[in-house]
Amino acid sequence: MEKPAIREKEAAFDLNAARTAAESFACACGVGCALFDTRGNRMYDKRDRDGGCATCRAVAARRGEELGCEELHLYGAFQAERFGGRYIYFCPSGLSYFASPILVGGEVAGFLVGGPVLIMDVEDYLAGNTQSERRLTDEEMEPLRIALEQAPRAEPARLSHMSSQLFATAVYIGDNSNALFAHRDATEQQRDIGVQIQQLKIDGAAPAYPLPKERELVHAITEGDQPTARRLLNEMLGHILFLTGGDFQLMRARAIELMVVISRAAVDGGGDIDQIFDLSRRYLGEVDTLRTSEDLIFWLTRIMERFSELVFNLVDIKHKDIIYKAIEYIKRGYRGKITLDDTALHVGLSPSYFSKVFKEEMGTTFNSYLGELRVSKSKALLLTTDATIVEVCEQSGFEDQSYFTKVFKKYTGVTPGRFRERRGRPDSEIDPG
């Protein structure tokens, strides 16, 4: 059941100004721009070109599927709030969107969503659909192809710039309170730590380091449970401030020890070890710049949040977002040397965890997907160009012709040369006479 939309007089910002700003953004950037309330209801939508969304909905309706677009955009908005005001994500059909929250008094009062945007060629997009779990029939494919030809397109770099511009638009609509993202979190954290210290004083706690609490923190980080990890870190920081009695040097030493514990927990939880060690070195280089207990608290909290983000106990929709980012990366780089490790680094996952997620979401391994994609590209080159077999091999991302032939035959049943001779037709369709 749809939640009731916020009425105009209940909005915390000027809706007319917001609609005008959204329309201006859409017209200037050439993409759709929608205004949502905090419940996920659409309050305004400026979209000159549908970009395939209506066709996607029609395909879903024919199949009896629920797309959950509003929930997806709420997810994007929450991620944008979490990651500093802007976030780019993919819908279940692989189209790109970007979101920014509208802040009033430090609280989210609504959000803007830009898109959809197609960041790859239509044929590459449709080829991805034929290889994904959401396979389309020829009947479904053709109207989607026609709609996508009208969709706004943008390279990833331009998409990032549009996301930044949408963020600026959201700040304009709100009360320019972007700085309150950090201030609000810091205020709440100081309050929680103060409560913890006060409780320790009331309890008359013995001045001992809370090892059991540290173990709970480690467990929360290895599970990717950031809310619990944040609560436990605040309790740990309360203990450290209480036990050190305001001695900043001792406080800093304890904070460094805790940073090491947190980084090890992130590694144990499946985070990429090289990435975590690189971050650890960078954070240690910041220690000498810290001057107050507040600096230490903010520093350690930032470390905990960054490391726990590298431990991925992810919900299904975020898995799909990551997979679409990975596929877009693969399709841009398949002609060169691209590996599972490279792709995992691009989407921010450890190789082992990315491999697991990719197999679960795509129903095939990373290497099988890459091989099938390269064969698909080579088939098109064989049928539409005069390139030699060696040239087709190189342009499709295969480094070795014998390996190319082996993989090609695995997926087609014939060699590349035979495939070209037969114009891609199976033996049963060749006239023997």
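Mapping the sequence shown onto full-length UniProt numbering, position 48 (from 1) lands on 48, and the numbers just tick up by one. Cβ coordinates follow ideal geometry from the N, Cα and C atoms, glycine included.
In the same chain as residue 382, and ignoring 5 residues on each side of it, the C-beta atoms closer than 7 Å to its own belong to 392, 416, 419 and 420, in chain order. In this structure, residue 222 lies near residue 265, with their beta-carbon atoms less than 7 Å apart. Counting C-beta pairs with one atom in each stretch, the segment 295-305 and the segment 218-238 have three or more that are closer than 8 Å, which means they touch. Under DSSP, residue 75 forms no beta bridge with any residue.
Under the three-state reduction of DSSP output, residue 337 falls in the coil class, being neither helix nor strand.
For residue 108 and residue 40, the gap between their C-alpha atoms comes out near 12 Å. Residue environment analysis places residue 229 among the buried positions, since at least 16 neighbouring C-beta atoms fall within 10 angstroms of its C-beta. Here the alpha carbons of residue 225 and residue 219 stand approximately 9 Å from one another. Taking C-alpha positions only, residue 214 is separated from residue 249 by approximately 21 Å.
Close CB contacts of residue 88 within its chain, under the 6 Å cut and outside five residues either way in sequence, are with 98 and 163 (chain order).
Taking C-alpha positions only, residue 263 is separated from residue 276 by approximately 7 Å.
In the displayed model, residue 110 falls within a strand according to three-state DSSP.
With fewer than 16 other CB atoms across the displayed protein chains lying within 10 angstroms of its CB, residue 83 is exposed. A Cβ-Cβ contact shorter than 7 Å links residue 303 with residue 259. Taking 8 Å as the upper bound for CB-CB distance, residue 118 and residue 100 are not in contact here, some 21 Å apart. In this structure, residue 279 lies away from residue 174, with their beta-carbon atoms at least 7 Å apart. The DSSP-derived three-state label of residue 69 is helix. Taking a cut-off of 8 Å on C-beta distances, the segment 397-407 touches the segment 333-344, as three or more cross pairs fall below it. Bounds of the alpha helix (DSSP H) holding residue 252 are 248-268.
Between residue 353 and residue 91, the alpha-carbon positions lie close to 22 Å from each other. Taking C-beta atoms as the reference points, residue 356 and residue 365 fail to come closer than 7 Å.
Between the alpha carbons of residue 412 and residue 329 lies a distance of about 25 Å.
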